[in-house]
Amino acid sequence: MIRVQPSVGNIFSIIGLCILVSYTGWLWRETTKSSIVLTADNQYPDFFAINVTATETSIKGVLKDKFITPKAVHYATNDTTFYDNPHIISYPDDGKSPWDITALHGKSINGTDKLILSDNVKIYEPAGPQNNDTWITTSWLVVYPKQNYAETDKPVTFIEPDLTVNSIGMRVYFKEKRIELLKQARGVYDETKTPKK
């Protein structure tokens, strides 16, 4: 029988080879596990932003809209973004008071084509030469920014200093400063709260 005496160098080589084979086996197992590939079909965010303020101006540089949110999370599917506490300020072309719109939650689809606001949606229009302070509340509002239009089929409360109207459904034409209450509109007029002129 022939005995081979391993040298110290051979022992380190064998140990190194064992480590390399073990590492290769571990690496192969890890890379062949079912991994998640982020594509447009997955429901994982592709980016997020914190403390967002976005503005839109006209060709002449006049402020049209301002959008503020503490958090936005974007998903590639349908180019959808979710917002916490979205706040929209929409400035009319004629320089009148802006519309102020807030909600607890928001979701935009196809970029900014459609914005859905939900939970404690509030619209405020400050008093102007032809209107009193106006507050509108609802639970759900769909805004179409490019059309300067919004709508809901949910219950709505419309409040001015001397008038409160409850309705089901509403259409808002921001540019025209026009509001349509759609169904079952019932109001209470309180002349004691009418502003004195």
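For the sequence shown, the positions run 1061 to 1257 when this note's numbering is used.
Just so it is clear, CB atoms sit at the ideal spot from N, CA and C, and this is done for glycine as well.
Just so you know, these numbers come straight off a predicted model, no measurement behind them.
Asked: With a floor of 3 residues, list each beta strand (DSSP E) that falls wholly inside the stretch 1138–1172, ordered by position along the chain.; Found: 1140–1144, 1147–1150, 1159–1162, 1165–1169
Asked: Let me confirm a value: Gly1247 is counted as buried when at least 16 other C-beta atoms fall within 10 Å, else exposed. Which label applies?; Found: exposed
Asked: With a CB to CB cut of under 7 Å and the five nearest residues on each side skipped, what residues in its chain are close to Arg1114?; Found: Rather than Arg, the amino acid found at residue 1114 in this sequence is Ala. Same-chain partners within the cutoff: Phe1127.
Asked: Within 10 angstroms of the Cβ of Phe1265, are there 16 or more other Cβ atoms? Answer buried if so, exposed if not.; Found: Absent from the model: residue 1265. The displayed extent of the chain is 1061 to 1257, so no value can be given.
Asked: For Leu1241, I'd like the list of residues in its chain whose CB is within less than 7 Å of its CB, leaving aside the five on either flank, ordered along the chain.; Found: Val1216, Phe1218, Val1225, Ser1227, Met1230
Asked: Please classify Ser1094 as buried or exposed, where buried requires at least 16 neighbouring CB atoms within 10 angstroms.; Found: The predicted position of Ser1094 is uncertain, since its pLDDT is 40 and thus under 50; no value can be drawn from it.
Asked: Can you give the beta carbon distance from Phe1108 to His1147, rounded, assuming they're within the 8 Å contact cut?; Found: Wrong, their Cβ atoms sit about 18 Å apart, outside the cutoff.
Asked: In angstroms, rounded to a whole number, what distance separates the CA positions of Glu1185 and Thr1137?; Found: 34 Å
Asked: Counting C-beta neighbours from all protein chains within 10 Å, is the total for Ala1187 16 or more, i.e. buried, or is it exposed?; Found: exposed
Asked: By alpha-carbon positions, which one of Thr1141, Gly1121, Ala1210, Lys1237 ends up nearest to Gly1171?; Found: Thr1141
Asked: In the DSSP assignment, find the unbroken beta strand (DSSP E) run with Gly1188 in it and report its ends.; Found: Run containing Gly1188: none; DSSP gives neither H nor E here.
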